[in-house]
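What follows is a single structure, written as C-alpha coordinates, with notes after it.
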Amino acid sequence: MPIPIYVIALKSSTERRDVMSARLARAGYDFTFIDAVHGASMTAEAANAAISPRRQYQHASPISRGALGGCLSHFNAWSRIAESDAPMALILEDDACLHDDLDEVLRRLDRLEGKIDIVNLHFRGGRPLIDVAQLSPTHRLTSCRYNSIGAESYVITRAAAAHLLTEARPVVHEVDLYLNRWWDHGLHVLTVNPPVVHEDDSPTTIGYPAKVAGWPNDKFWHRFRRRLSRIMDSTTKRRMYPSMVATMKMRLMGTDPSDVGNNPDFPNLIKMTDGK
2 MPIPIYVIAL KSSTERRDVM SARLARAGYD FTFIDAVHGA SMTAEAANAA
52 ISPRRQYQHA SPISRGALGG CLSHFNAWSR IAESDAPMAL ILEDDACLHD
102 DLDEVLRRLD RLEGKIDIVN LHFRGGRPLI DVAQLSPTHR LTSCRYNSIG
152 AESYVITRAA AAHLLTEARP VVHEVDLYLN RWWDHGLHVL TVNPPVVHED
202 DSPTTIGYPA KVAGWPNDKF WHRFRRRLSR IMDSTTKRRM YPSMVATMKM
252 RLMGTDPSDV GNNPDFPNLI KMTDGK
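2 is the number of the first residue of the sequence shown in this note's numbering; add one for each residue after it.
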(Lines of atoms letter the chains of each structure in order from A and count residues from 1; the text may use other names and numbers.)
(Lines give C-alpha, C1' and ligand atoms only; values in the text may rest on other atoms or scores of the structure.)
Protein backbone atom coordinates (compact mmCIF):
# COMPACT_ATOMS: atom_id res chain seq x y z
CA MET A 1 0.00 0.00 0.00
CA PRO A 2 1.52 3.37 -1.02
CA ILE A 3 2.15 6.03 1.60
CA PRO A 4 -1.07 8.11 1.92
CA ILE A 5 -0.73 11.75 0.90
CA TYR A 6 -2.55 14.64 2.56
CA VAL A 7 -2.56 18.14 1.08
CA ILE A 8 -3.36 21.08 3.37
CA ALA A 9 -5.28 23.83 1.56
CA LEU A 10 -8.05 26.27 2.35
CA LYS A 11 -11.40 25.01 1.12
CA SER A 12 -11.95 28.39 -0.53
CA SER A 13 -8.59 28.35 -2.35
CA THR A 14 -9.90 26.64 -5.46
CA GLU A 15 -7.01 27.85 -7.61
CA ARG A 16 -4.37 26.42 -5.27
CA ARG A 17 -6.33 23.18 -4.99
CA ASP A 18 -6.49 22.92 -8.77
CA VAL A 19 -2.73 23.49 -9.03
CA MET A 20 -1.96 20.81 -6.45
CA SER A 21 -4.45 18.39 -7.98
CA ALA A 22 -2.75 18.79 -11.36
CA ARG A 23 0.74 18.34 -9.89
CA LEU A 24 -0.18 15.18 -8.05
CA ALA A 25 -2.14 13.78 -10.99
CA ARG A 26 0.86 14.26 -13.29
CA ALA A 27 2.97 12.33 -10.79
CA GLY A 28 0.36 9.58 -10.55
CA TYR A 29 -0.51 10.08 -6.88
CA ASP A 30 -3.82 9.67 -5.12
CA PHE A 31 -4.28 12.13 -2.27
CA THR A 32 -6.73 13.65 0.17
CA PHE A 33 -7.26 17.33 0.92
CA ILE A 34 -7.17 18.52 4.53
CA ASP A 35 -9.20 21.70 4.89
CA ALA A 36 -6.85 24.35 6.25
CA VAL A 37 -7.90 26.51 9.17
CA HIS A 38 -8.17 30.18 8.20
CA GLY A 39 -6.64 31.81 11.24
CA ALA A 40 -7.78 35.31 10.30
CA SER A 41 -11.40 34.16 10.51
CA MET A 42 -11.10 32.81 14.05
CA THR A 43 -12.75 34.67 16.88
CA ALA A 44 -10.47 36.26 19.44
CA GLU A 45 -11.81 33.84 22.04
CA ALA A 46 -11.04 30.77 19.90
CA ALA A 47 -7.59 32.05 18.97
CA ASN A 48 -6.65 32.88 22.55
CA ALA A 49 -7.82 29.46 23.72
CA ALA A 50 -5.53 27.79 21.18
CA ILE A 51 -2.38 29.69 22.26
CA SER A 52 -0.32 28.89 25.33
CA PRO A 53 0.69 31.71 27.72
CA ARG A 54 4.19 30.23 27.42
CA ARG A 55 4.42 31.86 23.99
CA GLN A 56 5.46 35.18 25.55
CA TYR A 57 8.30 33.47 27.43
CA GLN A 58 9.61 31.91 24.20
CA HIS A 59 9.05 34.45 21.41
CA ALA A 60 9.32 38.24 21.17
CA SER A 61 5.94 38.61 19.45
CA PRO A 62 2.53 36.92 19.46
CA ILE A 63 1.91 34.26 16.86
CA SER A 64 0.14 35.65 13.80
CA ARG A 65 -3.38 34.49 13.00
CA GLY A 66 -2.08 33.01 9.76
CA ALA A 67 0.60 30.99 11.53
CA LEU A 68 -1.92 29.88 14.14
CA GLY A 69 -4.17 28.64 11.36
CA GLY A 70 -1.18 26.80 9.92
CA CYS A 71 -0.58 25.06 13.26
CA LEU A 72 -4.19 23.99 13.62
CA SER A 73 -4.24 22.79 10.00
CA HIS A 74 -1.26 20.51 10.59
CA PHE A 75 -2.82 19.32 13.86
CA ASN A 76 -5.88 18.25 11.84
CA ALA A 77 -3.63 16.34 9.45
CA TRP A 78 -1.85 14.65 12.37
CA SER A 79 -5.22 13.63 13.81
CA ARG A 80 -6.22 12.04 10.51
CA ILE A 81 -2.96 10.10 10.39
CA ALA A 82 -3.06 9.07 14.06
CA GLU A 83 -6.56 7.65 13.57
CA SER A 84 -5.67 5.79 10.35
CA ASP A 85 -4.27 2.31 9.78
CA ALA A 86 -1.32 3.55 7.70
CA PRO A 87 2.10 3.32 9.42
CA MET A 88 3.10 6.70 7.93
CA ALA A 89 1.86 9.43 5.61
CA LEU A 90 3.10 12.39 3.57
CA ILE A 91 1.85 15.88 4.40
CA LEU A 92 2.12 18.59 1.75
CA GLU A 93 1.20 22.26 1.92
CA ASP A 94 -0.46 23.84 -1.09
CA ASP A 95 2.74 25.41 -2.44
CA ALA A 96 4.70 22.15 -2.78
CA CYS A 97 6.41 21.32 -6.09
CA LEU A 98 7.27 17.65 -6.56
CA HIS A 99 10.54 16.39 -8.03
CA ASP A 100 10.73 13.35 -10.29
CA ASP A 101 12.66 11.34 -7.71
CA LEU A 102 10.02 11.77 -4.99
CA ASP A 103 8.46 8.40 -5.78
CA GLU A 104 11.65 6.42 -5.17
CA VAL A 105 12.31 8.24 -1.90
CA LEU A 106 8.77 7.53 -0.68
CA ARG A 107 9.06 3.84 -1.57
CA ARG A 108 12.30 3.57 0.37
CA LEU A 109 10.97 5.47 3.39
CA ASP A 110 7.97 3.15 3.42
CA ARG A 111 10.38 0.26 4.07
CA LEU A 112 11.81 2.00 7.14
CA GLU A 113 8.72 1.45 9.27
CA GLY A 114 9.69 1.56 12.93
CA LYS A 115 13.01 3.25 12.16
CA ILE A 116 11.90 6.85 11.47
CA ASP A 117 9.60 9.48 13.00
CA ILE A 118 9.66 12.62 10.82
CA VAL A 119 11.46 13.06 7.50
CA ASN A 120 11.53 16.46 5.78
CA LEU A 121 11.49 16.17 2.00
CA HIS A 122 12.38 19.85 1.45
CA PHE A 123 15.35 21.94 2.52
CA ARG A 124 15.53 25.72 2.23
CA GLY A 125 19.29 25.91 2.68
CA GLY A 126 21.41 28.15 4.85
CA ARG A 127 21.96 25.55 7.56
CA PRO A 128 24.52 22.74 7.64
CA LEU A 129 23.27 19.21 7.05
CA ILE A 130 25.05 16.31 8.75
CA ASP A 131 24.98 12.98 6.89
CA VAL A 132 23.22 10.23 8.85
CA ALA A 133 22.63 7.39 6.37
CA GLN A 134 22.65 6.54 2.66
CA LEU A 135 19.02 6.06 1.63
CA SER A 136 19.51 5.41 -2.10
CA PRO A 137 22.34 5.67 -4.62
CA THR A 138 21.44 9.35 -5.05
CA HIS A 139 19.88 10.46 -1.74
CA ARG A 140 21.00 10.62 1.87
CA LEU A 141 19.18 10.98 5.14
CA THR A 142 20.66 13.92 6.99
CA SER A 143 20.20 15.93 10.17
CA CYS A 144 20.02 19.71 10.25
CA ARG A 145 22.71 20.92 12.64
CA TYR A 146 20.56 23.86 13.68
CA ASN A 147 16.81 24.36 13.72
CA SER A 148 15.39 23.89 10.23
CA ILE A 149 12.39 25.80 8.88
CA GLY A 150 9.46 25.04 6.62
CA ALA A 151 6.62 22.52 6.83
CA GLU A 152 5.71 22.23 3.16
CA SER A 153 6.56 18.52 2.88
CA TYR A 154 7.31 15.81 5.41
CA VAL A 155 6.67 12.14 6.03
CA ILE A 156 5.43 11.44 9.55
CA THR A 157 4.62 8.12 11.17
CA ARG A 158 1.31 7.36 12.83
CA ALA A 159 3.02 7.04 16.21
CA ALA A 160 4.85 10.36 15.77
CA ALA A 161 1.64 12.14 14.77
CA ALA A 162 -0.13 10.82 17.86
CA HIS A 163 2.80 11.88 20.05
CA LEU A 164 2.88 15.42 18.65
CA LEU A 165 -0.83 15.84 19.27
CA THR A 166 -0.22 15.29 22.98
CA GLU A 167 2.73 17.70 23.08
CA ALA A 168 2.01 20.58 20.69
CA ARG A 169 -1.22 21.96 22.16
CA PRO A 170 -1.82 24.69 23.20
CA VAL A 171 0.38 26.42 20.63
CA VAL A 172 3.72 27.88 21.66
CA HIS A 173 5.72 27.74 18.40
CA GLU A 174 4.90 28.04 14.70
CA VAL A 175 4.38 24.54 13.35
CA ASP A 176 7.56 24.42 11.25
CA LEU A 177 9.66 25.50 14.23
CA TYR A 178 7.99 22.99 16.51
CA LEU A 179 8.36 20.08 14.09
CA ASN A 180 12.11 20.57 14.08
CA ARG A 181 12.53 21.04 17.86
CA TRP A 182 13.69 17.44 18.32
CA TRP A 183 15.16 18.18 21.77
CA ASP A 184 11.71 19.40 22.84
CA HIS A 185 9.33 16.72 21.52
CA GLY A 186 11.83 13.84 21.62
CA LEU A 187 11.30 12.55 18.06
CA HIS A 188 13.93 11.89 15.40
CA VAL A 189 13.84 14.47 12.59
CA LEU A 190 15.64 13.70 9.33
CA THR A 191 15.97 15.59 6.05
CA VAL A 192 16.31 14.03 2.60
CA ASN A 193 19.27 15.46 0.69
CA PRO A 194 19.09 16.39 -2.12
CA PRO A 195 15.50 17.48 -1.45
CA VAL A 196 12.66 16.03 -3.50
CA VAL A 197 10.14 18.83 -2.87
CA HIS A 198 10.44 22.60 -3.00
CA GLU A 199 7.96 25.41 -2.49
CA ASP A 200 6.76 27.44 -5.45
CA ASP A 201 6.77 31.23 -5.63
CA SER A 202 3.04 31.71 -5.12
CA PRO A 203 1.90 33.80 -2.14
CA THR A 204 0.66 31.74 0.76
CA THR A 205 -3.10 31.51 1.15
CA ILE A 206 -2.78 30.92 4.89
CA GLY A 207 -0.28 33.66 5.66
CA TYR A 208 3.04 33.72 7.51
CA PRO A 209 3.94 37.44 7.80
CA ALA A 210 7.63 38.22 8.22
CA LYS A 211 7.02 40.66 11.10
CA VAL A 212 4.41 40.81 13.83
CA ALA A 213 4.07 43.59 16.39
CA GLY A 214 5.61 42.83 19.76
CA TRP A 215 3.76 42.06 22.96
CA PRO A 216 1.74 45.05 24.21
CA ASN A 217 2.35 44.12 27.85
CA ASP A 218 5.97 42.96 27.63
CA LYS A 219 7.85 43.26 30.93
CA PHE A 220 11.41 42.79 32.07
CA TRP A 221 10.74 39.27 33.34
CA HIS A 222 9.30 38.26 29.96
CA ARG A 223 12.45 39.43 28.21
CA PHE A 224 14.63 37.77 30.84
CA ARG A 225 12.79 34.45 30.49
CA ARG A 226 13.07 34.60 26.69
CA ARG A 227 16.79 35.13 26.90
CA LEU A 228 17.10 32.30 29.40
CA SER A 229 15.02 30.04 27.14
CA ARG A 230 17.30 30.75 24.18
CA ILE A 231 20.36 29.92 26.26
CA MET A 232 18.79 26.72 27.55
CA ASP A 233 17.70 25.65 24.04
CA SER A 234 21.17 26.28 22.66
CA THR A 235 22.87 24.45 25.51
CA THR A 236 20.48 21.50 25.32
CA LYS A 237 20.88 21.13 21.55
CA ARG A 238 24.67 21.23 21.72
CA ARG A 239 24.78 18.72 24.57
CA MET A 240 22.29 16.26 23.10
CA TYR A 241 23.05 16.50 19.38
CA PRO A 242 25.94 13.99 19.09
CA SER A 243 24.12 11.27 21.03
CA MET A 244 20.88 11.95 19.16
CA VAL A 245 22.59 11.47 15.78
CA ALA A 246 24.29 8.29 17.01
CA THR A 247 20.94 6.96 18.22
CA MET A 248 19.31 7.71 14.87
CA LYS A 249 22.04 5.80 13.04
CA MET A 250 21.69 2.76 15.28
CA ARG A 251 17.91 2.84 14.93
CA LEU A 252 18.11 3.00 11.14
CA MET A 253 20.67 0.22 11.01
CA GLY A 254 18.96 -2.11 13.47
CA THR A 255 19.88 -3.32 16.92
CA ASP A 256 22.58 -5.66 15.64
CA PRO A 257 24.42 -3.94 12.77
CA SER A 258 26.96 -6.77 12.56
CA ASP A 259 24.25 -8.93 10.99
CA VAL A 260 24.28 -6.79 7.86
CA GLY A 261 27.93 -5.79 7.96
CA ASN A 262 26.96 -2.13 8.08
CA ASN A 263 29.04 0.91 8.97
CA PRO A 264 27.77 2.47 12.22
CA ASP A 265 29.32 5.81 11.27
CA PHE A 266 27.33 6.06 8.03
CA PRO A 267 24.75 3.28 7.60
CA ASN A 268 23.96 2.18 4.06
CA LEU A 269 20.22 1.55 3.74
CA ILE A 270 20.15 0.85 0.00
CA LYS A 271 19.83 -2.92 0.29
CA MET A 272 17.39 -2.64 3.19
CA THR A 273 15.09 -0.32 1.23
CA ASP A 274 15.38 -1.95 -2.20
CA GLY A 275 12.22 -3.49 -3.64
CA LYS A 276 11.31 -6.89 -2.31
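Glycine included, each C-beta is placed from N, C-alpha and C at the ideal position.
Remember, predicted model here, so these are calculated numbers, not experimental data.
Three or more Cβ pairs closer than 8 Å define a contact, and the stretch 49-57 falls short of that threshold against the stretch 130-147.
A direct Cα-Cα distance of roughly 7 Å separates I6 from L93.
Taking C-beta separations shorter than 6 Å and ignoring five residues to either side along the sequence, the partners of R18 in its chain run A10, following chain order. Closest in alpha carbon position to A61, among V173, Y147, R125 and D104, is V173. Shown here for V156: same chain residues with a beta carbon closer than 6 Å to its own, the five before and five after excluded, namely M89, L91, L110 and V120 in chain order.
Scanning the stretch 53-94 for uninterrupted alpha helix (DSSP H) segments of 4 residues or longer gives 56-59 and 66-83, listed from N- to C-terminal end. When DSSP states are grouped into helix, strand and coil, N269 belongs to the strand group. Exclusion of the five residues before and after L188 leaves D118, I119, A161 and H164 as the residues of its chain whose Cβ lies within less than 7 Å of its Cβ. Annotation: R128 is outside any alpha helix (DSSP H) and is labelled neither H nor E by DSSP. The Cβ atoms of A87 and R159 lie closer than 9 Å to each other. Our two residues, M233 and H223, have alpha carbons roughly 15 Å apart in a direct line.
Here S65 is near G40, since their CB atoms are less than 9 Å apart. As a beta-bridge residue in DSSP terms, L191 pairs with V120. For the pair R227 and G276, the Cα-to-Cα distance works out to about 49 Å. Excluding the 5 residues flanking it on each side, P196 has same chain C-beta neighbours closer than 7 Å at L122, H123 and F124, in chain order. Collapsing the DSSP output to three states places L103 in a helix. Taking all protein chains shown into account, R146 has fewer than 16 neighbouring C-beta atoms within 10 Å of its C-beta and is therefore exposed. Taking each of I150, Q59 and Q135 in turn and checking the Cα distance to P129, the smallest one comes out for I150. For the 9 Å CB-CB criterion, V8 and S203 do not form a contact.
In the same chain as G70, and ignoring 5 residues on each side of it, the C-beta atoms closer than 6 Å to its own belong to V38, H39, G40 and I207, in chain order. Rounded to whole angstroms, the Cβ separation of A83 and L180 is 15 Å, and the two are not in contact under 8 Å. Rounded to the nearest whole angstrom, the CA to CA distance from Q135 to W216 is 45 Å. Sequence-distant Cβ neighbours of W184 in its own chain, meaning closer than 6 Å and more than five residues away, are T237, K238 and M241. Only buried fits R182, as 16 or more other CB atoms lie within 10 angstroms of its CB. In the DSSP assignment, V20 falls within the alpha helix (DSSP H) that extends over T15 to A28.
A direct Cα-Cα distance of roughly 15 Å separates N218 from Q59. In this structure A152 is buried. Its beta-carbon is surrounded by 16 or more other beta-carbon atoms within 10 angstroms. Inter-residue distance for A68 and E175 is about 6 Å (C-alpha atoms, whole angstroms).
DSSP, reduced to helix, strand and coil, places V38 outside both helices and strands of the structure shown, so it counts as coil. Taking a 10 Å sphere around the C-beta of A97, we find 16 or more other C-beta atoms and assign the residue as buried.
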